[in-house]
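Everything on this sheet refers to the single structure shown next.
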Amino acid sequence: MSDPERIFLEAECCVDPDYGRQWNSRDIGPNEDCDNESPWVEYVRADLVDPDALGQVKAENAELAESVDDLGETAYKRLSKLRDAEAHTEQLEAEIVVLREGLCNIAKVAIKELNSTFEHMAVDTLRDANALRSPGHEHD
Ligand SMILES: [Zn+2]
Numbered sequence: 001m002s003d004p005e006r007i008f009l010e011a012e013c014c015v016d017p018d019y020g021r022q023w024n025s026r027d028i029g030p031n032e033d034c035d036n037e038s039p040w041v042e043y044v045r046a047d048l049v050d051p052d053a054l055g056q057v058k059a060e061n062a063e064l065a066e067s068v069d070d071l072g073e074t075a076y077k078r079l080s081k082l083r084d085a086e087a088h089t090e091q092l093e094a095e096i097v098v099l100r101e102g103l104c105n106i107a108k109v110a111i112k113e114l115n116s117t118f119e120h121m122a123v124d125t126l127r128d129a130n131a132l133r134s135p136g137h138e139h140d
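Numbering-wise, the sequence shown is residues 1 to 140 according to our numbering.
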């Protein structure tokens, strides 16, 4: 009996520590993945492997790994910018609170001054009204 064309190695996540990873020589379909949906790893008999195809796959893998690194770096840069923006936003919010409190105090002072002005005006108006009415008093 010749070696099987392909054999499968059990996913690492579900290994029984007493037995280690199990090999299986029958075809294992995608629906036989473990509970974590990790597939069995397929191994193809060496004499069936096209060296050009293998080289191509390895080159593609290296390229993909590089892309993943680039993506990681880009994601990190974006995250870093996002953090800066968040810090800046927090600072702006703090400044807005201070400004709002300042405006609130200015408004309170202005209202107090207006009230005082209106009181004086009311007193003046009352005095003027009394002054206008006083000639009439002569006829009493
Ligand atoms: Zn598993």
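A virtual CB, placed ideally from N, CA and C, is assigned to each residue, including glycine.
Return helix, strand or coil for Arg133, following the three-state DSSP convention.
Here residue 133 refers to the residue found at position 133 of the sequence shown. Arg133 falls in the helix class under three-state DSSP.
Measuring straight from C-alpha to C-alpha, what distance separates Asn51 and Val57?
Walking along the sequence shown from the start, residue 51 turns up at place 51. Walking along the sequence shown from the start, residue 57 turns up at place 57. Just to set this straight, residue 51 is Pro in the shown sequence, not Asn. Answer to the nearest angstrom: the Cα atoms are 10 Å apart.
Assign Glu10 to buried or exposed, taking buried as 16 or more other Cβ atoms, counted over all protein chains shown, within 10 Å of its Cβ.
In the sequence shown, counting from the first residue as 1, residue 10 sits at position 10. Classification of Glu10: buried, given that the 10 Å Cβ count is 16 or more.
Output the distance between the C-alpha atoms of Arg26 and Asp84, rounded to the nearest integer angstrom.
Locating residue 26 in the sequence shown gives position 26, where the first residue counts as 1. Locating residue 84 in the sequence shown gives position 84, where the first residue counts as 1. When rounded, the distance between both Cα atoms is 55 Å.
Label Trp40 either buried or exposed according to how many other C-beta atoms from any shown protein chain fall within 10 Å of its C-beta, with 16 as the threshold for buried.
In the sequence shown, the residue the question calls residue 40 occupies position 40. Buried is the call here.
Taking DSSP as the reference, what is the three-state secondary structure of Ile28?
To locate residue 28, count along the sequence shown from 1; it is residue 28. The answer is coil: DSSP assigns Ile28 none of H, G, I, E or B.
For the beta strand (DSSP E) containing Tyr43, list its first residue and its last residue.
Walking along the sequence shown from the start, residue 43 turns up at place 43. That run of the beta strand (DSSP E) goes 41-44.
For Phe118, is the classification buried or exposed, using 16 other Cβ atoms within 10 angstroms of its Cβ as the cut-off for buried?
The sequence position of residue 118 within the sequence shown is 118, counting from 1. The residue is exposed, with fewer than 16 neighbouring Cβ atoms inside 10 Å.
Following a CB-centred definition, is Asn24 positioned closer than 7 Å to any heavy atom of ligand 1?
Here residue 24 corresponds to residue number 24 of the sequence shown, with the count starting at 1. Because no heavy atom of ligand 1 lies under 7 Å away, the Cβ of Asn24 does not count as near it: no.
Nearest to Ile7 by CA position, among Leu48, Val123, Glu42, Ala59, is which residue?
In the sequence shown, the residue the question calls residue 7 occupies position 7. The residue with the shortest Cα to Cα distance from Ile7 is Glu42.
I need the boundaries of the beta strand (DSSP E) containing Arg6, first residue and last residue.
By one-based count along the sequence shown, residue 6 stands at place 6. From DSSP, the beta strand (DSSP E) with Arg6 extends over 6-9.
Using only the alpha-carbon positions, how far apart do Glu87 and Ile111 sit?
Within the sequence shown, the letter at position 87 stands for residue 87. Within the sequence shown, the letter at position 111 stands for residue 111. First, the residue type needs correcting, since residue 87 is Ala and not Glu in the sequence shown. For the pair Ala87 and Ile111, the Cα-to-Cα distance works out to about 36 Å.
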